[in-house]
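**Q** Taken in order, the sequence shown gives residues 1 to 405; the numbers are from the numbering used here. Quick one: this structure, given as structure tokens, is what I'll be asking you about.
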Amino acid sequence: MTIFAFSLALVLLVLLILERRKLRASETALIQLKQETSEREKENDEARNREIQHLLDALPHPFFSIDAEGVIVRSNRHAREIFGDREILDRHIRQIFLDASLIAPLTEVLDDPAPYRQKLRLPPTSVFSSDYADKDSFWEMDLRPISLQSEIVEIQLIMRDVTPSVHADQVRQDFVANASHELRTPLSIISGYLENLTEEGGLADREIAGKMLETMSRHVTRINRIVEDMLVISRLESDDAAPLNLAPFNIADCVRDIIERLDLMIAKQEAAIQVDVPDLEVTGDHFYWTQILFNLVENALKQNPSTPLKIKIKARRDEEENLIVRVTDNGIGIPATDLPFIFKRFYRVEKHHSQTQVKGTGLGLSIVMRAVEAHGGTISATSTPGIKTSFIIKVPPFQEGACSD
Ligand code: ADP
């Protein structure tokens, strides 16, 4: 009996030990499963975060996510690029956006969550400055609060650099204002003379009437030239089709052609023209190259009606096959203070033009610059008044398939 009881107790003990082990094994398995699940969840979270970060980095604008306390909790590549080495994550907006015009709307949206969009003008010292180093830049600030039952969770901020479009609008406005101004002067002269001529007896003095008609005709020519130049500029600046009609041509022929067209002026001014242009084949738009050379040589003649003038036209290819064209004269020149502006539309050096002169539109050099740029080239000017004024064009060799705009 005792042996039986002992054996039973032993069996029970063994069973108990086995059960315990099983229990411990399943407990360990459970812990392991829990660990694996949390690791998998962590990995999933990390993968999701990486995915979100990739998406944010693909945004073309700086992006920031700000929590309810005003701390930056997420940013994208563009935002980090703007701040360079400065750490922006986990920092308060006041430590990062030092500009009051940025802080004010952010604080307002943090206090009272509502979408907000505003165009800001920021000084060149702001971290958000454009490539226009010394000029103010323009940014569109887009704020979107993400809130749950009126409680802010996060504010998302996107900063869009709209400086180029603001500048383009300004250029367009200036162009319209300048064009209207330039057209108004000759038009008012013509309408004044017309009034005189159509008055009773206005044609009685044939000599005076003849002079009026002559002046009117000069001003009509000027209006025509302004309108033609404006059309050329707008064609060069149009976004529609490719503005250039590219084909190979001989640059020496082009120079001969423009000299022939300016022959009368050259003879009248007894100007000496020296041409050093070999028979180079150039691929470009023949129409615009004629315009470029014509405007440069005509300018030299036009600005120096009473100087014994020497004009040199030179063309060559440099070691890298760039086409270099240089037009030089020894005339009145351009004062250093005017030199940076001469390629601007409608810019004319005041001192060169008296009230009675009607030559020139102030568009000639901007057409030249646009046309050179459309060929992928650059133009620069240097001047020592009375001694040497040079316009230097550099255009890279044409590459098949290269597209110019
Ligand atoms: P415009 O139609 O008045 O000639 P441009 O745009 O061609 O206008 O030139 C702008 C200004 O630059 C001219 O009004 C003139 O004052 C100056 N300029 C251009 N070329 C010369 C030059 N070769 N010599 C002196 N001044 C020049």
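Ideal Cβ positions, reconstructed from N, Cα and C, are used throughout, including at glycine. These numbers come from a predicted model, not from an experiment.
(1) Assuming residue 301 contacts residue 265 (C-beta within less than 8 Å), just tell me the rounded distance between them.
(2) Tell me, which residues are paired with residue 315 by DSSP?
(3) Pull up the CB-CB distance for residue 274 and residue 312, whole angstroms please, since I reckon it's below 8 Å.
(4) Determine the contact status of residue 121 and residue 136, defining contact as a CB-CB distance below 7 Å.
(5) How is residue 32 classed by DSSP in three states: helix, strand or coil?
(6) Whole angstroms are fine: how far does the CA of residue 224 sit from the CA of residue 202?
(7) Can residue 64 and residue 148 be called in contact, C-beta distance under 7 Å?
(8) Would the C-beta of residue 300 count as close to the ligand ADP, meaning under 6 Å from any of its heavy atoms?
(9) Do residue 389 and residue 338 have their beta-carbon atoms positioned less than 7 Å apart in this structure?
(10) Give the secondary structure of residue 355 by DSSP, where H, G and I count as helix, E and B as strand, and everything else as coil.
(11) To which residues of the same chain is residue 127 closer than 7 Å at the C-beta, ignoring the five residues directly before and after it?
(12) Examine the ligand ADP and report whether any of its heavy atoms sits within less than 6 Å of the Cβ of residue 365.
(13) Below 8 Å on the Cβ atoms is my contact criterion, and I expect residue 106 with residue 143 to pass it. Report the Cβ-Cβ distance as a whole number of Å.
(14) With three or more beta-carbon pairs closer than 8 Å as the criterion, would you say the region 202–212 touches the region 249–268?
(15) Let me confirm a value: residue 112 is counted as buried when at least 16 other C-beta atoms fall within 10 Å, else exposed. Which label applies?
(16) Do the region 58–74 and the region 36–43 make contact, defined as three or more Cβ pairs closer than 8 Å?
(17) Just list the beta strand (DSSP E) runs in the region 120–197, keeping only unbroken ones of 3 residues or longer that don't cross its boundaries, in chain order.
(18) In the DSSP assignment, the alpha helix (DSSP H) including residue 217 goes from what residue to what residue?
(19) Could you give the uninterrupted runs of the alpha helix (DSSP H) lying entirely in the region 340–396, keeping only those of 4 residues or more?
(20) Candidates 183, 78, 398, 19: which alpha carbon is nearest residue 486's?
(21) Mind the definition here: the region 163–179 touches the region 93–109 only if three or more C-beta pairs lie below 8 Å; say whether that holds.
(22) For residue 115 and residue 24, I'd like the C-alpha separation in whole angstroms.
(23) Hey, is residue 274 close to the ligand ADP, as in C-beta under 6 Å from one of its heavy atoms?
(24) Please state the DSSP three-state secondary structure of residue 107.
(25) Please look up how many angstroms separate the CB atoms of residue 52 and residue 72, rounded, as I've assumed it's under 8 Å.
(26) When you compare the CB positions of residue 56 and residue 76, do they come within less than 7 Å of one another, or not?
(27) Go ahead and label residue 282 buried or exposed: buried means 16 or more other beta carbons lie within 10 angstroms of its beta carbon, across all protein chains shown.
(28) What does DSSP give as the partner residues of residue 283 in its beta bridges?
(29) Going straight from the alpha carbon of residue 369 to that of residue 378, what length do you get?
(30) Under 7 Å, do residue 364 and residue 346 count as touching if we go by C-beta distance?
(31) Looking at the structure shown, is residue 72 part of a helix, part of a strand, or coil, going by DSSP?
(32) Taking only three categories from DSSP, how would you classify residue 58?
(33) Going straight from the alpha carbon of residue 383 to that of residue 336, what length do you get?
**A** Put simply:
(1) What you label residue 301 is simply residue 301 of the sequence shown in a count that begins at 1. What you label residue 265 is simply residue 265 of the sequence shown in a count that begins at 1. Sure, about 5 Å apart at Cβ, within 8 Å.
(2) The residue you call residue 315 lines up with position 315 of the sequence shown. Bridge partners of residue 315: 325.
(3) As a working note, residue 274 is residue 274 in the sequence shown. As a working note, residue 312 is residue 312 in the sequence shown. With a Cβ gap of about 5 Å, residue 274 and residue 312 count as contacting.
(4) Your numbering for residue 121 matches position 121 in the sequence shown. Your numbering for residue 136 matches position 136 in the sequence shown. Going by C-beta atoms, residue 121 is nearer than 7 Å to residue 136.
(5) Here residue 32 refers to the residue found at position 32 of the sequence shown. Three-state result, residue 32: helix.
(6) Your numbering for residue 202 matches position 202 in the sequence shown. Your numbering for residue 224 matches position 224 in the sequence shown. Spanning the two alpha carbons is a distance of roughly 26 Å.
(7) As a first step, residue 64 is located in the sequence shown; it is residue number 64 there, counting from the start. As a first step, residue 148 is located in the sequence shown; it is residue number 148 there, counting from the start. In this structure, residue 148 does not lie closer than 7 Å to residue 64 by Cβ.
(8) As a working note, residue 300 is residue 300 in the sequence shown. Because some heavy atom of the ligand ADP lies under 6 Å away, the Cβ of residue 300 counts as near it: yes.
(9) For the purposes of this step, residue 338 is taken as residue 338 along the sequence shown, with counting starting at 1. For the purposes of this step, residue 389 is taken as residue 389 along the sequence shown, with counting starting at 1. Not closer than 7 Å, so no.
(10) Residue numbering aside, residue 355 sits at position 355 when the sequence shown is read from its first letter. Low confidence applies here, because residue 355 scores a pLDDT of 43, under 50, leaving its location unreliable and the question unanswered by this model.
(11) Residue numbering aside, residue 127 sits at position 127 when the sequence shown is read from its first letter. Excluding positions up to five away in sequence, the list reads 82, 83.
(12) What you label residue 365 is simply residue 365 of the sequence shown in a count that begins at 1. Yes, the ligand ADP has a heavy atom inside 6 Å of this Cβ.
(13) Numbered from 1 along the sequence shown, position 106 holds the residue referred to as residue 106. Numbered from 1 along the sequence shown, position 143 holds the residue referred to as residue 143. Yes, residue 106 and residue 143 are in contact; Cβ-Cβ is about 7 Å, under 8 Å.
(14) no
(15) Within the sequence shown, numbered from 1, the residue matching residue 112 stands at position 112. That one is exposed.
(16) no
(17) 137–148, 151–161
(18) Along the sequence shown, read from residue 1 onward, the residue named residue 217 stands at position 217. Looking at the DSSP string, the run of the alpha helix (DSSP H) that includes residue 217 is 206–237.
(19) 364–374
(20) Summary: the structure shown does not reach residue 486, with the chain confined to residues 1 through 405, and so no result is reported for it.
(21) no
(22) Locating residue 115 in the sequence shown gives position 115, where the first residue counts as 1. Locating residue 24 in the sequence shown gives position 24, where the first residue counts as 1. Straight-line Cα distance between these residues: approximately 57 Å.
(23) Reading the sequence shown from its first residue, position 274 is the one you call residue 274. Outside the cutoff, so no.
(24) Position 107 of the sequence shown, counting from 1, holds the residue named residue 107. Reduced to three states, the DSSP call for residue 107 is helix.
(25) Counting from 1 along the sequence shown, the entry for residue 52 is found at position 52. Counting from 1 along the sequence shown, the entry for residue 72 is found at position 72. Going by Cβ atoms, the distance from residue 52 to residue 72 rounds to 15 Å, so no, they are not a contact pair.
(26) Mapped onto the sequence shown, residue 56 falls at position 56. Mapped onto the sequence shown, residue 76 falls at position 76. Yes; because the gap between Cβ atoms is below 7 Å, this pair is in contact.
(27) One-based indexing of the sequence shown puts residue 282 at position 282. It counts as buried.
(28) The residue you call residue 283 lines up with position 283 of the sequence shown. Answer is 248.
(29) In the sequence shown, counting from the first residue as 1, residue 369 sits at position 369. In the sequence shown, counting from the first residue as 1, residue 378 sits at position 378. Each residue's Cα considered, the two are about 7 Å apart.
(30) Counting from 1 along the sequence shown, the entry for residue 364 is found at position 364. Counting from 1 along the sequence shown, the entry for residue 346 is found at position 346. Not closer than 7 Å, so no.
(31) Your numbering for residue 72 matches position 72 in the sequence shown. Reduced to three states, the DSSP call for residue 72 is strand.
(32) For the purposes of this step, residue 58 is taken as the residue at position 58 of the sequence shown. DSSP places residue 58 in helix when its eight states are reduced to three.
(33) Residue numbering aside, residue 383 sits at position 383 when the sequence shown is read from its first letter. Residue numbering aside, residue 336 sits at position 336 when the sequence shown is read from its first letter. Roughly 7 Å separates the two Cα atoms.
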